[in-house]
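Q: Starting off with a structure, shown below.
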Amino acid sequence: MRQGPSRWLLRLAAVAGMALSGPVAHATTSDISIEVSTFSGAYLAARVAEVDNDLDGAITFYKKALAFDPENQALQQSIMLALISQGRFDESLPYAEKLKTVAEVERFSRLALAIDGFRKEDYKAADAWLKLALESDLDALVSKVLSAWAKSGGGNSQGAVAMLDELAGPQWYGLFVSYNKALIADAAGLNDQADAAYQEATGDMASAGSSPETWLRATEAYARFLARTGDKAAALAMLDKGDEFASGRLPLVKLREKISRDEPVERLVATPSDGASELLFVLASALNRAGGESFVRLYLQYALALKPDSDVVLIQLAGLAEQQRNAEDAIALYRRIPDTSPLKRLSQLQLGLNLADLDRRDEAIAQLKSLVSENPDDMRGYLALGGVYSSKEDYASSAALYDKAVARIESHPQVMPADPRSSVNWNVYYQRGIAYERLKQWPKAEPNFRRAMELYPDQPQVLNYLGYSWIDMNINLEEGIELIRKAVELRPSDGYIVDSLGWAHYRLGQYEEAVRELERAVSLKPDDPVLNDHLGDAYWRAGRRLEATFQWSHARDMKPEPAVLAEVEKKLAEGLPPLDDKAMADTPSKTVLPAEESEPAHADQRTELAPQGDAAQVVPVSYKVSPGQSLWSIAADELGSGSRYIEILDLNPQLRGDPGRLMPGQELTLPGASR
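In the working numbering, the protein residues as written are 327 to 1001.
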């Protein structure tokens, strides 16, 4: 239940104001040496590679399939999209040309051809490619704004601004249109119109919440404009506004330094190609939500084709590569970020974490040590390196490293900003506390947790860890559970923190309360074996032994860590031991749990599921079991949540002897629709 090293830096990315993605893992690469001799074999191999996010392998096999059916437009489309998504843009253009009149795919094929026109500065051709037969609201925004950039590139910037003035559409168009209007006017030297459009964009705080990257980019562009036009005070005030919205954002920090030193400041967007790239980047950022990664990656690669050295696009693509479990691609993208970029150091830190997750630990440590030495005041380096040590349970090295970090903070006041929450310093104390707690040196650990709370009083992770640690040691019980409750209030959809509250009730012998909270934790994070194991323990102590057995079986089937698996298998064989009288005498509550090891805190990982409403009167339905199914998977697929398996047990008493054993073809009764 600990965060891997890349997780530590995700918080650092938030400080940088950039959106990085989830955990890093090894790249998955299909064996492209496989020989295929049929269309179906090649197509199936391509689909498998694509599902595994191995786009190079997918392209290879799609091309082999296309050799069997050269006019197959569906295959041509798959190859084109895979080539663009993999950054092989020039190779995609022949396929885009073939698909330019196919309505179902023209939004992608004609966009690729238009981008090629921008790159060649053939703005008339680019504009022609942006005429679509079918278009959604998003397609219409892209085509109209890019047409305005093409018009500007053709020498008619005033006409381009007027075109955007007349662009009608949904309310969410507003920020994107005003921002691009400002950029076009700015690039053309139409300062009055640029100033008005920048004010409109940066004043749109309602859209800032839904499209934060777009608003922050507009803020940066406007500050640059104000500095270039001689209004230094207004430029710094605009950066203050950006800092209030996203404190510590690296591009704004670096820009402030340049403006304060009266150094020359260049435009954020200088050419039509830059402008087209910017539009695609901010749209991709706004669309970057769970489940839309493939589409976002496509738009980011379009943006990168227009501006190959764009640091913000490269950072986002690297984050997506991590999210899609491809650390090798992430490393390659981080290495492409220019040395002059304000995001260069962040990219090098993240690169080190990717090396660690590829088990290239010595390289990772060398990389991160050099970054710490290069800038000992940057606490992100200590956190990244400490995360690598912790990932291998080398807590002694972590503690020694964080000792150096704390010494640096406390001997250099400038390292501590006015608002400590805007820095990673609270996290240094927090991680130092964890390292000493894991080394079983609580007198050294506790002051660090308290200091982290002073710096960031409402940080849920700190509240959770300290509160649970107290309860685990049977000290400060009332204060401890209040800290955990506050953490749950601050992050109610975090299954791990909710689990801590349930497990705290368990440790205090409050089993009914434990069951309530642990059931909620499992509904939020159904695929975690430790949470399911905890719920099984609570069921057992609450006298619900059949449900406990099922929950432990489910935890076992999730392939937990060896130590957890051994405990679960022992409980499946023997159950939990009876509570002894001594433990009962030592507890402050009515009943005590046995002395068991548990983890004091949980990772900052959130999976939000819709809560299950109370069942109304339902009409049962019949269901036939398929191979490989369990009660949990049936409940998840048919009822919307695996934790509803209990309802299936209630309707099928024949399962109570062995709920973990189902046979293919077996008939079950399931809850039906509400009447």
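We put the CB at the ideal spot given by N, CA and C, even for glycine.
Just so it is clear, the structure is predicted and the values come from calculations on it, not from any experiment.
#1: Around the C-beta of E648, are 16 or more other C-beta atoms found within 10 angstroms, so that it is buried, or is it exposed?
#2: Could you tell me which residues DSSP pairs with S948 in its beta bridges?
#3: So which of W475, L467, A466, K389 has the shortest CA-CA distance to I445?
#4: Check whether the Cβ atoms of V894 and D859 lie closer than 9 Å to each other.
#5: What separation, rounded to the nearest whole angstrom, lies between the Cα atoms of L501 and D557?
#6: With 16 other CB atoms within 10 Å as the buried threshold, where does Q785 fall?
#7: Going by Cα to Cα distance, which pick from E845, A722, D521 is closest to Q767?
#8: Should the region 842–850 be called in touch with the region 820–831, which here means at least 3 C-beta pairs below 8 Å?
#9: Below 8 Å, how does it come out for the region 604–614 and the region 575–590: are there three or more Cβ pairs, yes or no?
#10: Please state whether the Cβ-Cβ distance between S1002 and L659 is less than 9 Å.
#11: Among E376, F415, N800, which residue has its Cα nearest to the Cα of S620?
#12: What residue does the alpha helix (DSSP H) around E780 start on, and which one ends it?
#13: Applying the criterion that 16 or more other CB atoms from any shown protein chain within 10 Å of the CB defines a buried residue, is S599 buried or exposed?
#14: Is the region 627–640 in contact with the region 519–531, if contact means three or more CB pairs nearer than 8 Å?
#15: In the DSSP assignment, find the alpha helix (DSSP H) that holds R970 and state where it starts and stops.
#16: Would you identify the three-state DSSP class for E893, choosing helix, strand or coil?
#17: Within this structure, are the beta carbons of V487 and L437 separated by less than 9 Å?
#18: Within the same chain, show all residues whose beta-carbon is closer than 6 Å to that of G806, passing over the 5 residues directly before and after it, in chain order.
#19: If you reduce the DSSP assignment to three classes, tell me which class H738 lands in.
#20: Look at the alpha carbon of L965 and the alpha carbon of G862, and state the distance between them as a whole number of angstroms.
#21: When we look at the beta-carbon of I510 and count the other beta-carbons within 10 Å, is it buried (16 or more) or exposed?
#22: Please return the same chain residues whose Cβ sits closer than 8 Å to the Cβ of A384, not counting the five positions on each side in sequence.
#23: Classify H304: buried if its beta carbon has 16 or more other beta carbons within 10 angstroms, exposed otherwise.
#24: Between the alpha carbons of L816 and I801, how many angstroms are there, rounded?
#25: What residues in its chain sit with their C-beta under 8 Å from that of A342, if we drop five residues either side in the sequence?
#26: Taking the runs of the alpha helix (DSSP H) that are 4 residues or longer, which of them lie wholly in the region 495–532?
#27: Is any beta-carbon of chain B found at less than 9 Å from that of M799?
#28: Helix, strand or coil: which one does DSSP assign to R817?
#29: Under 6 Å Cβ to Cβ from A778, same chain only, skipping five residues before and after it: list those, please.
A: Concretely, from the data shown:
#1: By the Cβ-count criterion, E648 is buried, with 16 or more other Cβ atoms from all chains shown falling within 10 Å of its own Cβ.
#2: T995
#3: Looking at the sequence itself, residue 445 is Arg, so the reference to Ile does not match. Measuring from the Cα of R445, the nearest candidate turns out to be W475.
#4: Contact check for V894 against D859 passes: the beta carbons are separated by less than 9 Å.
#5: 24 Å
#6: By the neighbour-count criterion, in which 16 or more other beta carbons inside 10 Å mark a residue as buried, Q785 falls on the buried side.
#7: A722
#8: yes
#9: no
#10: What is shown of the chain runs 327 to 1001, which leaves residue 1002 out entirely.
#11: E376
#12: Counting along the chain, E780 sits inside the alpha helix (DSSP H) bounded by residues 768–781.
#13: S599 comes out buried.
#14: no
#15: R970 -> no alpha helix (DSSP H), and no H or E assigned at all.
#16: In the structure shown, E893 adopts helical secondary structure according to DSSP, grouped into three states.
#17: Contact: no.
#18: G793, W796, I797
#19: In the structure shown, H738 falls within a coil segment according to DSSP collapsed to helix, strand and coil.
#20: 21 Å
#21: buried
#22: S356, A372, R373, A375, E376, S404, A408
#23: The requested residue 304 is not part of the displayed model; the chain covers only 327 to 1001.
#24: Those two C-alpha atoms are separated by around 24 Å.
#25: Because the pLDDT at A342 is just 42, under 50, the model does not fix this residue reliably, and the value given afterwards should be weighed accordingly. Here the set comprises G574, R575, L576, L669, L672.
#26: 499–513, 517–528
#27: Reference to chain B is not applicable here, since this structure consists of a single protein chain.
#28: coil
#29: Result list for A778: W752, Y755, Y756, V788, in chain order.
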